[in-house]
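Trainee: Number 271 in the numbering used here belongs to position 286 of the sequence shown; there are no gaps in the numbering.
We put the beta carbon where it would ideally sit given N, CA and C, even for glycine.
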Amino acid sequence: MNQTRLGYLYGFGAYLLWGFFPIYLKLLRPAGPVEILAHRIVWSVVFVALLLAAMRNIGFLRALARRPRALAAIAAAAALIAVNWGTYIYGVNSDRVVETALGYFINPLVVVLIGVFVLRERLRPAQWAALGVGGLAVAVLTVDYGRLPWLALTLAFSFAGYGLVKKRLGLPAAEGLFVESAVLALPALAYLGWLGRQGDATFGHGSGHTVLLVLAGAATAIPLLLFAGAANRLPLTGLGMLQYLAPILQLGCGVLVFHEPMPPARLAGFALVWVALVVFTVDAVRHTRRTRAEARAAAPVPAGAR
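Pasting the structure below:
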């Protein structure tokens, strides 16, 4: 199997697991969102530590300890991913899977928005058009919900911010997840200890439930590692097309599996989001092809080819 096909296989696996993740989270009831988040953090540390030990790759921590700015950035990334995970778990367990899917649909548009205001990037006309349609979609959904879709917006902005910090850090997936989870592990353990003393912990109440909580670490790490494998093998356009698979599956889970309502106004809001994403994606593909063609045209011709 060539590397491109392997990359698509990794990417499909990552987004497939993320797409069906709401079903897994529902199985963790009666644990509350914060307890699930704490277990997800703690068992992620354990799982990735074992993986890194098997790969004999623990030594990177020594080099990282000598980079205080990188450690501060990792703390920021950890805070952003904790907000993202916590909001997502809360959304799923409060029967708002459809709204969580919306968050990941609009995430690419938020990334563009951050590029404008944080990185001072200049947008092409089609990108401005996509942002305008996306803003209209949020307005329609605000009217439908009777409130700002804050859960979706929190997911979109926290994940976009996390991606920005991660891009600047440049840590591989396993190493990055280990350090970020380790930053959050102490407060997570403290919360679980307090919950146990209060007698409200669900861990240990039933072997099946306990195993599912422990497996939250693997369920967190495996899609991230698959994603890293895809990112290293696929062009950005190919990876960008795959990213819509997860929210499509999450939306399907919300409507078809959990029977969440999808009134006409909400459907219209989602339709506007999809229009914005089509405009955004088509423009990105065209821009990438144009850039490659210009690079080939500008490349010097080998002497033997003249």
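1. Less than 8 Å between the C-beta atoms of I21 and A201, yes or no?
2. For A141, which residues of its own chain have a beta-carbon under 6 Å away from its beta-carbon, when the five flanking residues on both sides are left out?
3. Per DSSP, what kind of secondary structure is N78 in: helix, strand or coil?
4. Excluding the five sequence neighbours on either side, which residues of its own chain have a C-beta within less than 8 Å of the C-beta of T195, listed in chain order?
5. One question on the structure: do L236 and A86 come within less than 8 Å of each other, judged by their Cβ atoms?
6. Any idea what DSSP makes of G148, helix, strand or coil?
7. Under the three-state reduction of DSSP, which class applies to F255: helix, strand or coil?
8. Leaving out the 5 sequence neighbours to the left and right, which residues in its chain are closer than 7 Å to I66 when beta-carbon positions are compared?
9. Are there 16 or more other CB atoms within 10 angstroms of the CB of P249, so buried, or fewer, so exposed?
10. With DSSP as the reference, label D185 as helix, strand or coil.
11. Using the Cβ count rule (16 or more neighbours within 10 Å means buried), how would you classify V77?
12. Please report the distance separating the alpha-carbon of G100 from that of R107.
13. Near L126, which residues of its chain fall below 6 Å by C-beta distance, leaving aside the five closest residues on each side in sequence?
14. Quick one, which of G184, E160, M247, E279 has its alpha-carbon nearest F45's?
Mentor: Reading off the structure:
1. To locate residue 21, count along the sequence shown from 1; it is residue 36. To locate residue 201, count along the sequence shown from 1; it is residue 216. A contact, by the Cβ cut-off of 8 Å.
2. Residue 141 sits at position 156 when you count from the first residue of the sequence shown. So the qualifying residues of the chain are G88, I91, N92, V95.
3. The residue labelled residue 78 in the question sits at position 93 within the sequence shown. It is helical.
4. Taking the sequence shown and counting its residues from 1, the one referred to as residue 195 is at position 210. So the list reads F188, G189, once near-sequence residues are dropped.
5. The residue you call residue 236 lines up with position 251 of the sequence shown. The residue you call residue 86 lines up with position 101 of the sequence shown. The answer is yes: Cβ separation under 8 Å.
6. Here residue 148 refers to the residue found at position 163 when the sequence shown is read from its first residue. It is helical.
7. Position 270 of the sequence shown, counted from the start, is the residue given in the question as residue 255. Residue state, collapsed to three classes: helix.
8. Stepping through the sequence shown from its first residue, residue 66 is reached at position 81. Cβ neighbours of I66 beyond the five flanking positions: Y147, E165.
9. Sequence index remark: in the sequence shown, residue 249 carries index 264 (1-based). Exposed.
10. Locating residue 185 in the sequence shown gives position 200, counting from the first residue. Coil.
11. The residue labelled residue 77 in the question sits at position 92 within the sequence shown. Under this definition V77 is a buried residue.
12. Within the sequence shown, the letter at position 115 stands for residue 100. Within the sequence shown, the letter at position 122 stands for residue 107. In a straight line, the C-alpha of G100 is about 8 Å away from that of R107.
13. Translated into the one-based positions of the sequence shown, residue 126 becomes position 141. Only P134, G254 meet the Cβ criterion.
14. The sequence position of residue 45 within the sequence shown is 60, counting from 1. Ranking G184, E160, M247, E279 by Cα distance to F45 puts E160 first.
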